[in-house]
């Protein structure tokens with residue numbers, strides 16, 4: 002059997018860039034795996050993960066979808082315990098998949114989060130597979146430039162940081178937005194790529210996709226944070 006890779010995938014910019022880099026490096030990525038988490042997840046990208054279905058269709062790679070399960074009130078007593086519990090359905094899905102294919106490893110889009118990366122690495126060690134994390138410890142400025150230069154079209158789905166107001170919801174993460182984020186980083190410490198949960202994104206088009214994804218949505222704003230709610234999404238030809 003040929004070694005096969007699974008891309009941990011939300012449709013956001015970071016997991017999409019990890020996938021893009023894996024494909025560029027010649028890794029045989031045969032599955033995308035999306036976890037549909039609860040609204041208060043410590044491990045996963047939260048908003049609008051159902052869009053991964055369209056993204057997978059455009060990319061042309063089979064999608065595996067995982068539900069988070071019921072963590073229970075007693076289980077999620079702190080961030081570490083909840084993070085461990087949230088990892089269990091992902092590990093179970095990979096364990097099951099490893100019985101069907103020669104699983105070589107997984108890709109992940111973490112940049113600075115040791116909370117996530119350490120848990121994923123420990124899971125890979127238990128499963129005896131590799132972790133491909135091409136964004137890890139990279140300069141956010143350089144990563145942003147590379148994503149835009151490659152042709153990634155990125156939409157902001159959710160914001161939750163001082164300095165990010167309702168106007169950012171649905172905004173394209175382009176060079177102008179990066180300039181604005183650079184100023185917000187200087188003033189408020191907002192991470193240039195939202196690694197601290199300041200904002201979440203979705204990639205609507207890129208060089209690894211055969212069709213772009215067109216979104217229609219409503220916005221919700223709660224005083225100091227907000228998100229968009231997708232009302233319709235479709236694949237469209239260029």
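In this note's numbering, the protein residues as written are 2 to 239.
We put the beta carbon where it would ideally sit given N, CA and C, even for glycine.
| Query | Result |
| --- | --- |
| Residue 141 burial status per 10 Å Cβ neighbour count (16 or more: buried) | buried |
| Extent of the continuous beta strand (DSSP E) run through residue 133 | 131–133 |
| Collapsed DSSP secondary structure at residue 163 in the structure displayed | coil |
| Segment contact flag, the segment 203–222 with the segment 158–178, C-beta cutoff 8 Å, min 3 pairs | yes |
| Integer Cβ distance of residue 66 from residue 35, believed to fall under 8 Å | 5 Å |
| Nearest neighbour of residue 101, chosen from 131, 7, 190 [CA to CA] | 7 |
| Close-in-space but distant-in-sequence residues of the same chain around residue 186 (CB under 8 Å, 5 per side omitted) | 192, 193 |
| Beta-carbon contacts of residue 37 that lie in its chain and below 8 Å, excluding the five residues immediately before and after | 50, 51, 66, 67, 68, 69 |
| Per-residue DSSP class, three states only, for residue 17 | helix |
| At least three beta-carbon pairs within less than 8 Å, the segment 17–24 to the segment 169–180 | no |
| C-beta contact flag for residue 106 and residue 18 at 8 Å | no |
| Residue burial classification, residue 206 (beta-carbon count within 10 angstroms, cutoff 16) | buried |
| Own chain residues within Cβ distance below 6 Å of residue 56, not counting five before or after | 12 |
| Environment of residue 71 [buried if 16+ CB atoms lie within 10 Å] | Here residue 71 scores only 44 on pLDDT, less than 50, and its place in the model should not be relied on; the value that follows carries that caveat. Residue 71 should be labelled exposed. |
| Host beta strand (DSSP E) of residue 1 (start-end) | For residue 1 there is no data in the structure shown, the boundaries of the chain being 2 and 239. |
| Closer than 7 Å: residue 151 CB and nearest the ligand SAM heavy atom | The ligand SAM is not part of this structure, which contains no ligands at all. |
| Those residues which DSSP pairs with residue 228 across a bridge | 159, 221 |
| Cα-Cα separation between residue 199 and residue 154, rounded to whole angstroms | 19 Å |
| N- and C-terminal bounds of the beta strand (DSSP E) containing residue 31 | 30–36 |
| Contacting residues, own chain, Cβ-Cβ under 8 Å from residue 127 (five flanking each side not counted) | 92 |
| Burial state of residue 103 (16 or more Cβ within 10 Å) | exposed |
| Enclosing beta strand (DSSP E) for residue 8 [first to last residue] | 5–9 |
| Three-state class that DSSP yields for residue 234 in the structure shown | strand |
| Per-residue burial, residue 184 [other beta carbons within 10 Å of its own, 16 or more giving buried] | exposed |
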